[in-house]
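Data block below; observations after.
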Amino acid sequence: MPTPIISKRAPIYADVPNEKWNDWRWQLSHRLNSAEDIDKVLTLTESERTALNTQGLFRVDVTPYFISLIDPEDPNDPVRKQIIPVSEELNAFTSMMEDSLAEDRHSPVPGLVHRYPDRVLMLVTTQCASYCRYCTRSRIVGDPGQTFNRQDFEMQIEYLKRTPQVRDVLLSGGDPLVLAPKILEELLSRLREIPHIEIIRIGSRVPVFMPMRVTQELCDMLAKYHPLWLNIHVNHPVEITQELADACDRMSRVGIPLGNQSVLLAGVNDCVHMQRELVQKLTRIRVRPYYLYQCDLVEGSGHFRTPVAKGIEIIEALRGHTSGYAVPQFIVDAPGGGGKIPVMPNYLMSMSDHKIIVRNYEGYISSYEEPSEYKSHDPKTCAFCQNKRPEPGQSGITGLLEGDNMFIKPEGFDALHERGGLQHRLKDEAKWKPLGIGSSEPK
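Listed below in structure tokens is the structure:
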């Protein structure tokens, strides 16, 4: 297997003993967060210096390991852009939102987001090893005053216990892997005590920001709570170091399936050739590319945004040009709480009642003949259909295709179209008014 990029240390860390450098607690306690500190590693631009000295900006913290990946002579270094603030963060943009995914609206108890029928997002901390400048949850992440407490945790667990349709819990935050080991294990063990929770997932950038946290001890602890899945967050090939490869290897060897979630960022990874190298390097270290996110409409992220068409172009350059395992889904997380929507190039070109027309990545166009006789699946004789779990209020398009629903109506649809009903009501009120019944003025 080709050797991943070997990470380096910034010169100011040259004399740090290996036992300290490889101690994740040392990395956390020596994070850089001021213009004075960061200036010792790289020469700040005027834009960076302005941002670092601006009050009220989203929190800055970066581990010595991760800042050492930056080329100090390159103001456009892809790692630098992700973690060092610039004055453009102060600029407002069209449709900018504080909570662009409406997570707070889908939160039945503090820190728990129940957007989909069978799974929940469990926010267990607001702290991270380092802070991404495009953070979706910058409204709470990095703020010590927003930390979830024991009472919040107990409310989350109680909600899960009394909500049997939840079978999948995603731990996020903040970053679950910055929690004290005992607290993290307590969370996992309490979740495993709930019979209907089948899968636990963790979303973490700690293996990327601070791979020394992924010790054998941590891996052995996580393995006790299988089935457990973990998604990391790599945006650029330069982040795939030997340390990250070793951390992923330790997790893979204890049976933890690994995926990767990237965010499409202007000036960082909006290059089709770079994206191909990224996904290929990820698969070499046994991390499957999972999602490529369109950048959210969160405050401070305007300068990172690309057109959606750029993401489609990237998928076009991956599909057929590299292994299918290496092609992520391109996702637009719909503003206002619409959830994750996959977007892709148009491979289905046309269709009739007996064939479809499709094209491949080369532009080769072909027809596929549909079956002339197909005995439709009968839900009345299917054990799975008879025993299906209800999804109250969230059957969606499937409810139209397979259920009894004939339509999905937007909120307020009936009230908007009750024009005929209004006329009848006005006539009725006029008829009864001489008898002193009903309101004197139609409303």
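Under our numbering, think of the first position of the sequence shown as 28, with each following residue one higher. Each residue gets a CB set at the ideal place from its N, CA and C atoms; glycine is no exception.
Indicate whether Val106 and Arg58 have their beta-carbon atoms separated by less than 8 angstroms. No, these two residues do not count as a Cβ contact at 8 angstroms.
Of the choices His381, Lys402, Cys322, whose alpha-carbon is the least far from that of Ile395? Per the sequence presented here, residue 395 reads as Tyr, with Ile not at that position. With distances taken between Cα atoms, Tyr395 lies closest to His381.
Helix, strand or coil at Ile383 according to DSSP, with G and I counted as helix: In the three-state DSSP reduction, Ile383 falls in the strand class (E or B).
Nearest candidate by alpha-carbon position, reference Met124, set Leu427, His404, Leu324: Leu324 is the residue among Leu427, His404, Leu324 whose C-alpha sits nearest the C-alpha of Met124.
Residues that DSSP places opposite Phe175 in a beta bridge: Beta-bridge pairing links Phe175 to no other residue.
From this set, Asn45, Val306, Val359, which residue's C-alpha is nearest Glu266's C-alpha? Closest by alpha carbon: Val306.
Look at Pro316 and Ala353 and say whether their C-beta atoms are less than 8 angstroms apart. Against a cut-off of 8 angstroms, the Cβ pair of Ala353 and Pro316 comes out as a contact.
Answer yes if the segment 254-272 comes into contact with the segment 223-232, meaning at least three C-beta pairs across the two stretches below 8 angstroms, and no otherwise. Segments in contact, yes.
Could I get the ranges of all uninterrupted alpha helix (DSSP H) runs contained in the segment 40-66, with 4 residues as the minimum, in chain order? Qualifying alpha helix (DSSP H) stretches, in chain order: 45-48, 51-56, 62-65.
Quick one: which unbroken alpha helix (DSSP H) runs of 4-plus residues sit fully inside the segment 234-319? Chain order, please. Taken in chain order, the whole alpha helix (DSSP H) runs of length 4 or more contained in the segment 234-319 are 243-250, 269-280, 299-311.
Compute the Euclidean distance between the alpha carbons of Asp195 and Ile226, then round it to the nearest angstrom. One Cα belongs to Asp195, the other to Ile226, and the distance between them is close to 5 angstroms.
Quick one: is Leu285 buried, meaning 16 or more other Cβ sit within 10 Å of its Cβ, or exposed? Of the residues assessed, Leu285 falls on the buried side of the cut-off, its CB having 16 or more other CB atoms within 10 angstroms.
Beta strand (DSSP E) containing Ala361: first to last residue? Counting along the chain, the beta strand (DSSP E) containing Ala361 begins and ends at 356-361.
What span of residues does the beta strand (DSSP E) with Glu396 cover, start to end? Residue range 392-396 is occupied by the beta strand (DSSP E) that includes Glu396.
Need the endpoints of the alpha helix (DSSP H) that Val106 sits in, please. Here the alpha helix (DSSP H) through Val106 covers 105-110.
Counting Cβ pairs closer than 8 angstroms, one from the segment 180-191 and one from the segment 215-222, do we hit at least three? Taking a cut-off of 8 angstroms on C-beta distances, the segment 180-191 touches the segment 215-222, as three or more cross pairs fall below it.
On the DSSP bridge list, what partners appear for Arg146? DSSP, once it has assigned bridges, lists Tyr143, Asp195 as partnering Arg146.
Can you name the start and end residues of the beta strand (DSSP E) that Arg228 belongs to? Element bounds for Arg228: 226-230.
Compare the beta carbon distance of Arg177 and Asp126 with 8 angstroms and say whether it is the shorter of the two. Not in contact: Arg177 and Asp126 (Cβ atoms no closer than 8 angstroms).
Please classify Val335 as buried or exposed, where buried requires at least 16 other C-beta atoms within 10 Å of its C-beta. Flag for Val335 reads exposed.
Between Pro102 and the rest of its own chain, which residues show a CB-CB distance below 7 angstroms, the 5 nearest in sequence each way excluded? A distance below 7 angstroms between beta-carbons, with the five flanking residues on each side excluded, links Pro102 to the following residues of its chain, in chain order: Thr72.
Among residues of its own chain, excluding the 5 on either side of Ser393, which ones have a beta-carbon nearer than 8 angstroms to its beta-carbon? Excluding its 5 nearest sequence neighbours in each direction, Ser393 has C-beta neighbours in its own chain below 8 angstroms: Ile384, Val385, Arg386, Asn387, listed in chain order.
Where the beta strand (DSSP E) through Gly423 begins and ends: Here Gly423 belongs to no beta strand (DSSP E); instead the alpha helix (DSSP H) covers 423-428.
For Arg36, does the three-state DSSP call read helix, strand or coil? Coil, per DSSP.
Could you pull the start and end residues of the beta strand (DSSP E) that Ser377 belongs to? 375-378 is the extent of the beta strand (DSSP E) around Ser377.
Assigned secondary structure, Val205 (DSSP; H/G/I helix, E/B strand, else coil): Note: Val205 maps to helix in three-state DSSP.
For Gly351, which of helix, strand or coil comes out of DSSP? Looking at Gly351 - three-state DSSP - the assignment turns out to be helix.
Please list the terminal residues of the continuous alpha helix (DSSP H) segment that includes Ile435. Taken as a continuous stretch (DSSP letters only), Ile435 belongs to no alpha helix (DSSP H), as it is neither H nor E.
Can you look up Arg166 in the DSSP assignment and give me helix, strand or coil? It is coil, neither helix nor strand.
Please report the distance separating the alpha-carbon of Leu211 from that of His404. Whole-angstrom Cα-Cα distance: 45 angstroms.
With a threshold of 8 angstroms, are at least 3 pairs of Cβ atoms found where one atom belongs to the segment 336-347 and the other to the segment 288-300? Yes, the segment 336-347 is in contact with the segment 288-300.
Taking the beta strand (DSSP E) that Lys367 belongs to, which residues open and close that run? Unbroken beta strand (DSSP E) run through Lys367: 366-369.
Taking only the alpha-carbon atoms, compute the straight-line gap between Met237 and His141 and give it to the nearest angstrom. One C-alpha to the other measures close to 30 angstroms.
Keeping to the same chain, check which residues put their C-beta closer than 8 angstroms to that of Asn80; ignore five residues upstream and five downstream. Answer for Asn80: Ala62, listed in chain order.
Three-state secondary structure assigned by DSSP to Gln154: Correct three-state label for Gln154: coil.
Excluding the five sequence neighbours on either side, which residues of its own chain have a C-beta within less than 8 angstroms of the C-beta of Thr174, listed in chain order? So the qualifying residues of the chain are Thr152, Thr153, Gln154.
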